[in-house]
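Visitor: The structure follows.
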Amino acid sequence: MEQSREDDARRNKESETGAKDEMVVYFSIPVFFAIIILAACGVVLADVVTSIWGFAVSSLSSSSSHVKAWWHSRPVLLFRLGGVTTLRQKLNDPFAMCQDSMEPGEKVRTLSCNHMFHYGATVKCQKTLDEWLLKEEMSCPICRGIPHPVLPWKRPPPSLLML
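FYI, in our numbering the residues of the sequence shown are 399 to 561.
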């Protein structure tokens, strides 16, 4: 009688352990595939971002020819007076590089940190900014942030962009 109780207890223990083992197997397979899918998505996303930028951000400071190519490929924006109060205030602010203010309809370059610089309005300002970016390891002269290519969906709002 006592042995049958021990046998029953052993069988119950084995069935509980077996159920736990099966649950671990059933749980770990979906988790494993989810991890593989997330890793693949990360690789694809990195490839897409790199193809949008043209080259990796880390390679920007490695060669001045890459920096020059990237800088000259930046879009030139035409700003106009609009209903945006901050733009009106910005038009009166002097640029950090040459202390000259921006005029409506003037071409400007923007870095990813949203700081603006003259483009072709004053030769001094454009040369100074280019030289700064090449000498100072790609840091913004105003905030010292590292500029990187602006993704297409982060362009200025249409009210600021002269179409």
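Just so it is clear, CB atoms sit at the ideal spot from N, CA and C, and this is done for glycine as well.
Within 10 angstroms of its Cβ, does Phe515 collect 16 or more other Cβ (buried), or is it exposed?
Guide: Here residue 515 is taken as the residue at index 117 of the sequence shown, counted from 1. Label assigned to Phe515: buried.
Visitor: In the DSSP assignment, what are the bridge partners of Met536?
Guide: As a working mapping, residue 536 is identified with position 138 in the sequence shown. DSSP lists no partner for Met536.
Visitor: Would you report the Cα separation of Cys340 and Ile435, rounded to the nearest angstrom?
Guide: Examination of residue 340 is not possible in this model, given that the chain is present from 399 through 561 alone.
Visitor: Going straight from the alpha carbon of Leu509 to that of Val442, what length do you get?
Guide: On the sequence shown, residue 509 is found 111 positions in, with the first residue counted as 1. On the sequence shown, residue 442 is found 44 positions in, with the first residue counted as 1. Taken atom to atom, the span from the alpha-carbon of Leu509 to that of Val442 is near 26 angstroms.
Visitor: Taking just the CA atoms, how far does Ile540 sit from Ser459?
Guide: Residue mapping note: residue 459 aligns to position 61 of the sequence shown, counting from 1. Residue mapping note: residue 540 aligns to position 142 of the sequence shown, counting from 1. Because Ser459 carries a pLDDT of 45, less than 50, the predicted location of this residue cannot be relied on, and the following value inherits that uncertainty. Each residue's Cα considered, the two are about 18 angstroms apart.
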